[in-house]
Amino acid sequence: MSTVNARSPGEAAGDGQETALAAVEARVQESLRQRTARARRAALGYPILVVVLIVLLWEYGTRAAGVPPFILPPPTLIAQSLIAHWSMVLHHGWATLVEILLGFGLSVLIGVPLAMAIFLWPAFSRSVYPLLVSSQAVPKVAVAPLFVVWFGFGLLPKVLIAFLIAFFPIVINTAVGLESIEREKILLARSMGLSALDTFFKIRLPSALPTVFGGMKIAITLAVVGAVVGEFVGGEEGLGYVLLTANGSMDTPLLFAGVIALTVVGVALYLLVELAERLAIPHAALRQQARGGETA
Amino acid sequence: MQHDAILPAAPAQSPDDVLIDIDRVTQVYAGVGSAVRALDRVSMQARRGEFISIVGPSGCGKSTLMMIAAGLLPASAGTVRVAGRVVDRPQTDLGIVFQSPVLLEWRTALENVMLQAEARRLPAADAERRARSLLTAVGLAGFEHKYPHELSGGMRQRVSICRALVHTPPQLLMDEPFGALDALTRDQLVLDLQELWQTERMTVLFVTHSIAEAVFLSDRIIVMTPRPGRIAREIGVDLPRPRTLAMRDSAVFHAVSREITDFFLEQGVLRERAAGLSR
Ligand SMILES: Nc1ncnc2c1ncn2[C@@H]1O[C@H](COP(=O)(O)OP(=O)(O)O)[C@@H](O)[C@H]1O
Ligand SMILES: [Mg+2]
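One line per chain: the protein sequences are A and B, in this order.
Okay, so the first sequence: first residue is 0 according to numbering that gives the first Met the number 0, each after it adds one.
Okay, so the second sequence: first residue is 0 according to numbering that gives the first Met the number 0, each after it adds one.
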């Protein structure tokens with residue numbers, strides 16, 4: 000009785016109520032759109048604003064305080080140096096990029112299968128895993144000179160150092176990702192008669208992907224460090240070498256220019272890994288969900 | 000005990016009428032200090048097409064029994080036979096639904112259901128037709144191409160039920176499938192499940208700790224004791240099918256609920272607050 004009564008006025012009003020509700024809906028939707036647009040502008044706008052402020056402060060601060068350029072050059076001087084040495088920076092930047100990509104590629108190519116082996120063969124895991132972990136206690140920077148002794152001043156020692164630093168987070172994250180799958184997923188696969196191979200490639204590996212990419216993002220930034228360390232120790236190519244020579248000749252603006260070039264390379268490569276992640280895991284919600292899984 | 004009384008009755012049934020035959024299954028988990036006795040000589044049988052609920056307090060071994068019945072866990076002692084064959088490896092001739100939907104996040108609703116068909120290499124076109132019709136039957140028409148994160152909890156569980164049925168298995172094992180859902184969604188899913196069961200006629204083992212769900216859905220309810228789980232009672236539910244929500248107010252429904260509740264009170268699984276309040 001009472002429910003019928005409660006409903007009938009709404010039905011009687013019909014169209015009038017419906018249009019009123021539609022108007023409210025339009026207003027709510029519109030305000031949401033405005034809010035998200037504002038948030039997006041802020042997300043881009045504020046960092047730019049902060050950078051501009053810092054640059055201005057830096058420029059006028061150093062000039063006003065009379066800081067000598069070989070200690071802290073103002074941004075305009077750095078820009079001039081960057082423009083003057085443009086082709087040289089590009090040449091050495093390319094060399095560094097190649098070292099990073101080879102080192103990183105190697106760490107993925109070796110790290111992911113190694114993690115699979117660790118996961119699949121417990122005996123292997125028990126023998127290799129402790130070694131792997133303790134190897135991380137060895138400061139790789141300290142090993143770099145040894146690599147020069149063994150492999151000379153060419154590309155190889157740099158790639159190897161980049162690889163050595165980068166591959167650990169890939170191995171660990173991949174192993175953790177493979178390990179930490181929901182138990183029910185595996186039980187389900189067994190009850191469906193899915194073969195071990197199919198279970199691995201159709202269920203376990205895709206489940207681990209977000210964590211694997213988490214490791215790769217850490218690895219790519221570490222590979223940059225590895226390559227530069229390699230260049231510091233020996234050789235005559237790469238942005239690390241540019242930094243060393245600029246340092247030797249007290250050319251601080253060029254030193255800064257080199258650091259900026261390295262930063263650009265690092266950020267670009269990070270974004271590239273993120274793009275690959277986006278292609279491999281198309282759904283933002285899934286990437287988000289795995290964010291907590293990033294270790295190290 | 001009651002289950003001792005049931006054992007001699009088993010041969011009286013026509014043997015091919017029984018699909019699932021659980022015979023004195025005992026499970027002991029090795030523990031750090033002492034072992035955990037999860038199941039103690041549990042024997043029960045399910046006839047073809049029967050809907051059986053297993054009710055018992057948390058930790059009494061319901062999930063364990065389900066895993067053993069599915070062949071996913073070897074029993075410490077005792078045997079499970081399905082259609083006369085001893086289960087000694089994971090059974091594939093069944094569908095399983097867990098408390099969580101266990102969907103693959105990177106597959107759409109339809110693709111998740113189709114995983115079952117892919118694993119069994121069923122003809123794709125036929126399987127897809129059946130998958131779509133199952134999804135429609137549980138009210139998911141129009142959601143076939145949604146990803147799990149775009150679906151509500153109840154919808155996800157519906158997808159998981161469809162996945163468990165797409166290959167028309169003779170048995171469906173469900174372990175507290177509606178435990179994580181809100182009351183209204185549960186009611187709807189219970190109704191949907193009844194309808195699916197009436198068209199598909201598979202044997203269902205339905206683990207729940209909801210007495211109302213068990214009474215509503217089952218032909219027979221198996222009541223378990225606290226750990227170590229033993230079968231305490233088997234109660235037939237003599238209500239006509241299809242059952243309606245209104246039947247929850249019927250005398251039979253009340254009598255069965257009452258019997259189970261009283262048993263749990265007696266066992267100390269349920270406690271009424273003060274002595275003055277009871278009765
Ligand atoms: N893998 C395991 N190892 C040790 N003990 C377990 C394991 N699985 C379950 N148990 C124990 O066995 C008992 C029964 O568990 P379970 O079958 O999950 O009960 P239910 O599903 O009825 O809640 C519980 O006390 C639980 O702690
Ligand atoms: Mg359980």
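All C-beta atoms, glycine included, are put in the ideal place defined by N, C-alpha and C.
{"Check": "Ser209 of chain B (DSSP reduced to helix, strand or coil)", "Outcome": "coil"}
{"Check": "Within chain B, partners of Gly176 of chain A - CB distance below 9 Å", "Outcome": "Those within 9 Å of Gly176 of chain A in chain B number zero; the least Cβ separation is about 13 Å."}
{"Check": "For Leu172 of chain B, three-class secondary structure by DSSP", "Outcome": "strand"}
{"Check": "Element boundaries [alpha helix (DSSP H), containing Ile99 of chain A]", "Outcome": "85-119"}
{"Check": "Heavy atom of ligand 2 within 7 Å of Ser209 of chain B beta-carbon", "Outcome": "no"}
{"Check": "Contact list for Asp197 of chain A against chain B, beta-carbon separation under 9 Å", "Outcome": "Glu117, Ala118"}
{"Check": "Closer than 8 Å to chain B by CB, Leu187 of chain A", "Outcome": "yes"}
{"Check": "Limits of the alpha helix (DSSP H) - the one that Thr173 of chain A falls within", "Outcome": "154-178"}
{"Check": "Host alpha helix (DSSP H) of Phe146 of chain A (start-end)", "Outcome": "139-150"}
{"Check": "For Gly239 of chain A, the first and last residue of its enclosing beta strand (DSSP E)", "Outcome": "Taken as a continuous stretch (DSSP letters only), Gly239 of chain A belongs to no beta strand (DSSP E), being part of the alpha helix (DSSP H) at 238-247."}
{"Check": "Ligand 2 heavy atom lying under 7 Å from the CB of Ser52 of chain B", "Outcome": "no"}
{"Check": "Sequence-distant residues of its chain with Cβ nearer than 8 Å to Gln1 of chain B (five each side left out)", "Outcome": "With a pLDDT of 44 at Gln1 of chain B, under the threshold of 50, the modelled position of this residue cannot be trusted; read the value that follows with caution. Answer for Gln1 of chain B: Ile230, Ala231, Arg232, Glu233, listed in chain order."}
{"Check": "Counted within 10 angstroms of its Cβ, other Cβ atoms place Gly257 of chain A as buried (16 or more) or exposed", "Outcome": "buried"}
{"Check": "DSSP state of Gly178 of chain B mapped onto helix, strand, coil", "Outcome": "coil"}
{"Check": "Given Val51 of chain A as reference, the closest of A:Ala207, A:Gly247, A:Thr75 once Cα atoms are compared", "Outcome": "A:Thr75"}
{"Check": "Between the CA atoms of Gly60 of chain B and Ser251 of chain B - distance to the nearest angstrom", "Outcome": "The displayed chain sequence assigns Val, not Ser, to residue 251 of chain B. Their Cα atoms are separated by approximately 28 Å."}
{"Check": "Helix, strand or coil at Ala231 of chain B according to DSSP, with G and I counted as helix", "Outcome": "strand"}
{"Check": "CB contact below 8 Å: Thr63 of chain B versus chain A", "Outcome": "no"}
{"Check": "8 Å Cβ cutoff, Tyr28 of chain B in contact with chain A", "Outcome": "no"}
{"Check": "Opposing strand residues paired with Ser52 of chain B [DSSP bridges]", "Outcome": "B:Phe205, B:Ile220"}
{"Check": "Beta carbon proximity, Ser190 of chain A to chain B, threshold 8 Å", "Outcome": "yes"}
{"Check": "Cβ-based burial, Thr262 of chain A [other Cβ within 10 Å; buried from 16]", "Outcome": "exposed"}
{"Check": "Under 7 Å by beta carbon: chain B residues contacting Leu193 of chain A", "Outcome": "Ala118"}
{"Check": "Span of the alpha helix (DSSP H) around Ile19 of chain B", "Outcome": "That residue, Ile19 of chain B, is in no alpha helix (DSSP H); its beta strand (DSSP E) goes 17-28."}
{"Check": "Rounded straight-line distance, which links the Cα of Thr91 of chain B to that of Glu127 of chain B", "Outcome": "20 Å"}
{"Check": "Neighbourhood of Val137 of chain A by C-beta, 6 Å cutoff - its chain only, sequence neighbours within 5 removed", "Outcome": "none"}
{"Check": "From A:Leu242, A:Gly239, A:Ala165, residue whose alpha carbon lies closest to that of Val211 of chain A", "Outcome": "A:Ala165"}
{"Check": "Min CB distance Pro89 of chain B to chain A below 8 Å", "Outcome": "yes"}
{"Check": "Whole-Å CB distance - Phe50 of chain B paired with Asp237 of chain B, under 8 Å assumed", "Outcome": "No, Phe50 of chain B and Asp237 of chain B are not in contact; Cβ-Cβ is about 13 Å, not under 8 Å."}
{"Check": "Cα-Cα separation, Leu315 of chain A to Leu254 of chain A", "Outcome": "With chain A covering 0 to 295 only, the question about residue 315 of chain A has no answer from this structure."}
{"Check": "Length of the line joining the Cα atoms of Glu183 of chain A and Asp39 of chain B", "Outcome": "25 Å"}
{"Check": "Ile160 of chain A vs Gly225 of chain A beta-carbon contact at 8 Å", "Outcome": "yes"}
{"Check": "CB contact flag (Pro227 of chain B, Val268 of chain B, <8 Å)", "Outcome": "no"}
{"Check": "Alpha carbon of Val127 of chain A to alpha carbon of Ile109 of chain A, nearest angstrom", "Outcome": "14 Å"}
{"Check": "Closest residue to Glu178 of chain A among A:Tyr45, A:Ala38, A:Arg203 (Cα-Cα distance)", "Outcome": "A:Arg203"}
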